[in-house]
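Comments concern the structure below.
Protein chains in written order, with my numbering: chain A, 3 to 517; chain B, 3 to 517.
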C-alpha cells in the first residue's frame with residue numbers, strides 16, 4: 003500500500019471516518035485510496051470554508067474529530083477563517099493539507115507557499131510528513147493531538163510523494179493523556195466562595211457545563227446558595243428548551259453587559275473565559291467585570307466540568323430539588339407583520355424535539371433566547387471566533403454527524419454570503435437542514451458598531467460600505483442555483499407556514515425572511 | 003484629524019484612491035473617514051477573496067496599487083488565496099487589515115489571532131502601526147513598498163485605537179528606489195548567445211516583455227537571429243490580437259511541455275521563471291528544460307524588459323522589418339454543437355477592440371490561444387498562483403481600473419464557485435464585465451491529473467470528489483440571485499447570439515455554456 007492508503011486506513015482505524023474535502027492534484031492519491039478503503043465517508047465542499055466549518059460542526063455534535071482534505075497553501079488559507087472559529091470552540095479536527103512532492107518544493111512552482119506558516123496561527127499541532135513510511139505514524143499523532151484535552155486543530159501536511167510512495171502499513175493512535183478530570187482544590191475554593199456569599203457570586207459556564215446534566219447541577223447549586231448562573235455571550239453548544247435549566251448569557255452590547263455584572267464580588271469560571279468585550283470601544287473597559295471583582299477558575303477547557311459541578315453540589319449540599327422553579331415564557335404562533343419578536347415566537351414554536359440550532363442571526367436573533375427556552379428540547383450552537391460565514395458550514399457538518407436530528411440554521415444575509423456554497427453540499431448529501439436567512443439587506447450589526455466606536459452617524463459613502471440593498475440579494479434564486487428549494491416570506495403567517503412545512507419535510511430547505 | 007483620516011488622506015495623496023473593502027467593527031473609523039475625505043473610491047465586496055482579487059486585477063490594468071480593507075485575522079485569511087495569486091503576479095497592493103485596539107489584544111477576545119503570522123506568507127512587507135501618530139507614516143511606507151521594483155504586497159495592520167486617536171497629519175510617500183533599469187552586461191551576454199546560435203535558443207518572456215512594444219522587439223530579434231520566442235505557461239498580462247506578435251506558451255501538460263523544450267541549448271529569461279512543472283508527477287522531472295540546457299537571465303521582475311529588449315535588438319542588429327510575417331488563423335462564427343473548438347471560434351469573433359480577457363478556463367480554454375490571436379487587439383490576464391477562484395474578482399478589479407474597456411471573464415464552473423460573490427459587486431458598480439461560465443459539471447482538470455499522478459481511473463467514490471453534477475449548478479439562477487442577468491446556452495448559434503448581445507450592451511452579464 004502507498005502512503006495515502008496507509009493514512010486513510012490509519013484514520014479509519016483511529017475512528018476518524020468522515021472527511022470533508024476540497025481536493026486538488028496533490029491530493030489525488032488520497033482520493034484514489036477512498037476507492038480501496040472501506041469505511042471513510044468523504045463529503046465534497048465547493049469552497050474550503052465549507053469544509054473546515056463542517057468539520058467544526060461535526061465535532062461539536064459527535065465529540066470526535068473528522069478530517070479535512072485541502073489543496074496546498076491557498077486551499078488551507080480559504081479554510082482558515084472557520085478553523086479560527088473551530089479553534090475558539092475547542093473543536094478537534096484532523097486538518098490534512100496536500101503539498102508538492104518534497105523534491106518539487108524548492109522550484110517555486112505557482113502553488114508553492116509557506117504552508118506551515120499559514121497553518122500555525124490556527125493550529126495547535128502542525129507537522130509536515132517527511133516520507134511515505136512516516137505518513138501513517140504522523141496521521142496517528144495528528145489524531146491523538148486532535149483528540150487531546152482540550153481537543154485541538156492538528157494540521158498534517160502531506161507532500162505528494164509521501165502519498166504515492168510505498169508505506170509500511172497502518173499505525174495505531176498513541177494513548178492520549180489520562181481521562182479528563184478536574185482539580186478538587188479548585189472545587190473546594192469554589193465551595194468556600196459560595197458558602198461565603200452566594201448572592202454576590204456568578205457561576206459562569208461554557209463547554210461541558212452547558213450539557214443537560216451540567217445545567218441541572220448548576221440549577222441545584224444556584225437554588226441552594228443563591229448564586230447567579232450565566233453562560234458566556236457565545237458558547238460552542240448549549241442544551242436548551244423545556245425541562246432544562248434556562249440561563250441568561252452575558253449580553254454582547256457592552257452598555258448592557260456592564261450593569262449585568264456590576265454587583266458581583268466573585269466570578270467562578272467553569273470552562274468559561276474571564277468575560278471581555280468582543281471589541282474595544284473608546285473610553286470603555288476591555289474587561290467586563292467590576293474592578294474589585296475576584297475571579298476563580300474552577301475548570302478549564304478539557305476538564306470534566308460535569309464531575310466538578312457534581313463535586314461542588316456535594317460540597318455545598320445542593321440537591322436536585324433545590325433548583326428554583328422557572329416560569330417559562332408563553333409562546334404561540336405569531337400573526338401580523340414580521341419583526342424580531344414575532345420571528346422569535348415562530349421559531350420557538352417550530353423547533354422540533356432534539357433539534358440542533360446553529361445560530362448566526364447576529365442582530366435579528368438577540369431576542370431569541372427567552373421564547374426558545376420554552377421550545378422543545380434542543381442544542382444551540384454559536385460562533386466562538388466571530389468570523390462570519392460560520393453557520394451554514396457548521397450546520398452542514400452537524401447534519402452529517404446527526405442524520406436523525408433536524409438542523410435549523412439561522413443566519414443573517416451578510417453572514418450567509420461568505421460561505422453560501424454550503425447549500426450545494428446540503429443538496430448533494432440530502433442533509434436535513436432548514437436554513438433561515440434574515441434578509442435585512444444591511445450589515446446591521448455594523449450600523450450599531452459604527453456609533454459604538456464613536457464614529458457618529460454614517461454618511462452616504464460610509465453607508466455604502468454597510469448596506470447590501472443595491473442590488474438586493476435574491477436568496478430563493480441563490481438556493482435554487484445550488485439545488486435547494488427556497489421560499490421568501492414577508493408576513494408572520496407565511497413564515498409560520500413555511501417553517502412548519504420545512505420542519506415536517508426531510509432534506510435541505512431555505513426560507514428567506516424579508517425584513 | 004484622527005489616525006484613520008490621516009491614513010485615508012495619505013493614501014489619496016499617495017495615489018492610492020481605490021479601496022476594495024469588506025470592513026467590520028475595527029475598521030469603522032476608516033469607513034467613517036470616507037465621508038470626510040474626497041477622492042477615495044470605496045468598493046464593497048461581500049467576501050474577502052473578491053476584495054483581494056479585485057486589487058490584483060486593478061493593479062494589472064492600472065499599474066498602480068489599490069488598497070484593501072479587511073477585518074482582522076479571519077478577514078485577511080479569507081483574502082489570502084487571491085493575495086497568493088497577486089504575489090505570484092508581482093502585483094502591488096496596499097493591504098490594510100484592522101486589528102483590536104492595542105490594549106485589547108492581550109485579552110484574547112473571540113476575533114483575536116496572530117495577524118502578522120497570517121500576513122507574512124503572502125506579503126513582502128508587514129507592519130502593525132503602533133499608535134495614531136504613526137499611522138500616516140506607516141501608510142506612506144506601505145505605499146512605497148507596494149510600488150517597489152518589483153511591486154509587492156504590503157500589509158499594514160491597523161489597531162482600532164490608532165484609527166480613532168488624534169493624528170499629526172498626513173505623510174508623504176518616501177522616494178522609492180531609482181527607476182527600473184536593466185543590466186547591460188546581461189543584455190551583452192544574451193546578444194552573444196543569440197549570435198552564437200539563435201536557432202537553438204529560446205527567448206522566454208513574461209511581465210513587461212509581453213506588452214505590445216516588447217513583443218514587437220522580440221519579433222524583430224527572432225526574425226534576425228532565428229531564435230524562438232515563447233511566453234510562460236501563465237502570464238500576468240499579455241498584449242494579443244491582430245497586428246501583434248503572436249507567441250506560443252509552454253504547455254501546461256508536462257508530456258507536451260518536455261518535447262517543446264527538448265532541442266534548446268539555451269534559454270534566455272526575460273522576467274520569466276526557469277520553467278518548472280506546475281505539479282510533480284511520479285517519474286517525471288520537475289524542471290522542464292533539457293538537462294544540458296543553459297539558462298541566462300536577461301531581466302528579472304521589476305526591471306525594464308522593453309528597454310532591455312531594445313538594447314538587445316540593437317546589439318544583434320534586429321530591426322522591426324526583420325519580424326517574420328505570421329499567418330493568422332482564420333476565424334468565423336461557428337455553427338452546430340458547442341465544443342472546445344467552436345467555443346474558441348465564437349470567443350475570437352466576439353472579442354471587441356481593446357477588451358480585457360481574464361482567463362480561468364482551465365481545461366475548456368487550452369485551445370483558445372490560436373484563434374484569439376486573430377481577434378481584435380486585447381489584453382489577456384491569467385492566474386499566476388494556481389489558486390482557483392481568481393478570475394471573477396480580477397475581472398471586477400480590471401473593470402474598475404478601465405471603465406471604458408469591455409472585460410470578458412472566462413471561467414470553469416468549479417473555479418467560479420469559490421468567489422461567486424464577485425457578481426454582486428459587478429452589479430452594484432454597474433461594471434462592464436461579461437462572465438462566461440463553462441459548465442461541464444466536473445473538476446475536469448482533476449480527472450486528467452488523477453491519471454497524471456499515476457492513480458489510474460477514478461472509481462465511484464473518487465469520482466464523487468471530482469464531479470459537480472449532483473445536483474447541477476444553475477448559473478442563471480446564481481447570477482440572478484446577485485443581480486446579474488444571465489443566460490444558458492447549449493448550441494453554437496445561441497452562444498454566438500448571447501455573446502454578441504452581451505458585448506454590445508453595457509454592464510454585467512453572465513453566459514452559462516452548458517457542455
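Even glycine gets a Cβ: it sits at the ideal position worked out from N, Cα and C.
{"query": "Chain A contact for residue 334 (chain B) (CB, 8 Å cutoff)", "result": "no"}
{"query": "Beta bridge counterpart(s) of residue 516 (chain A) as assigned by DSSP", "result": "A:441"}
{"query": "C-beta contact flag for residue 519 (chain A) and residue 219 (chain A) at 8 Å", "result": "Shown here, chain A extends from 3 to 517; a query on residue 519 (chain A) therefore has no answer."}
{"query": "Contact with chain A by residue 451 (chain B), beta-carbon distance below 8 Å", "result": "yes"}
{"query": "Chain A contact residues for residue 278 (chain B), given Cβ-Cβ distances below 7 Å", "result": "109 and 111"}
{"query": "Contiguous alpha helix (DSSP H) assignments of at least 4 residues, all confined to the region 91-167 of chain B", "result": "117-121, 137-148 and 162-166"}
{"query": "Neighbour flag for residue 232 (chain B) against chain A, beta carbons, 8 Å", "result": "no"}
{"query": "First and last residue of the uninterrupted beta strand (DSSP E) at residue 382 (chain B)", "result": "380-384"}
{"query": "CB contact below 8 Å: residue 164 (chain B) versus chain A", "result": "no"}
{"query": "Contact check, residue 230 (chain A) vs residue 221 (chain A), beta carbons under 8 Å", "result": "no"}
{"query": "Per-residue burial, residue 423 (chain B) [other beta carbons within 10 Å of its own, 16 or more giving buried]", "result": "buried"}
{"query": "Residue 206 (chain B) - containing beta strand (DSSP E), residue span", "result": "203-207"}
{"query": "Residue 250 (chain B) beta carbon near the ligand ADP (any heavy atom closer than 7 Å)", "result": "As presented, the structure is devoid of all ligands, the ligand ADP included, so that no description of it is given."}
{"query": "Contacts that residue 90 (chain B) makes with chain A (C-beta to C-beta distance below 8 Å)", "result": "112"}
{"query": "Cα-Cα separation, residue 517 (chain B) to residue 341 (chain B)", "result": "7 Å"}
{"query": "Helix, strand or coil at residue 482 (chain B) [DSSP, three-state]", "result": "helix"}
{"query": "Exposure label - residue 201 (chain B); buried when at least 16 CB within 10 Å", "result": "exposed"}
{"query": "Minimum C-alpha distance to residue 377 (chain A) - residue among A:306, A:235, A:436 and A:333", "result": "A:333"}
{"query": "8 Å contact criterion, which residue 327 (chain A) and residue 83 (chain B) should meet: CB distance rounded", "result": "Their Cβ separation, rounded to whole angstroms, is 54 Å, which puts residue 327 (chain A) and residue 83 (chain B) out of contact at 8 Å."}
{"query": "Secondary structure of residue 40 (chain A), DSSP reduced to three states", "result": "coil"}
{"query": "Chain B within 8 Å of residue 423 (chain A), Cβ atoms only", "result": "yes"}
{"query": "Buried or exposed by the 16-neighbour rule on C-beta atoms within 10 Å, applied to residue 105 (chain B)", "result": "exposed"}
{"query": "For residue 245 (chain B), the three-state DSSP class (helix, strand or coil)", "result": "coil"}
{"query": "Stretch-stretch touch, CB-based, cutoff 8 Å, three pairs: the region 291-309 of chain B with the region 203-218 of chain B", "result": "yes"}
{"query": "Chain B contacts from the region 469-491 of chain A (Cβ-Cβ distance under 9 Å)", "result": "469, 470, 472, 473, 474, 475, 476, 477, 478, 479, 480, 481, 482, 483, 484, 485 and 486"}
{"query": "Proximity of residue 117 (chain B) and residue 74 (chain B) at Cβ, strictly below 8 Å", "result": "yes"}
{"query": "Sub-8 Å separation of residue 415 (chain A) and residue 393 (chain A) beta-carbons", "result": "no"}
{"query": "Beta bridge counterpart(s) of residue 339 (chain B) as assigned by DSSP", "result": "B:493"}
{"query": "For residue 348 (chain B) and residue 336 (chain B), believed in contact at Cβ under 8 Å, the rounded distance", "result": "6 Å"}
{"query": "Residue 466 (chain B) versus residue 136 (chain B): straight-line alpha-carbon distance, rounded", "result": "53 Å"}
{"query": "The region 309-318 of chain B contacting the region 185-203 of chain B, beta-carbon criterion three pairs below 8 Å", "result": "yes"}
{"query": "Distance, residue 34 (chain A) Cα to residue 454 (chain B) Cα", "result": "12 Å"}
{"query": "Residue(s) in a DSSP beta bridge with residue 298 (chain A)", "result": "A:270"}
{"query": "Beta strand (DSSP E) runs contained entirely in the region 367-415 of chain B, provided each spans 3 or more residues", "result": "380-384 and 409-414"}
{"query": "Below-8 Å beta-carbon distance, residue 299 (chain B) vs any chain A residue", "result": "no"}
{"query": "For residue 159 (chain A) and residue 97 (chain A), the rounded distance between their alpha carbons", "result": "8 Å"}
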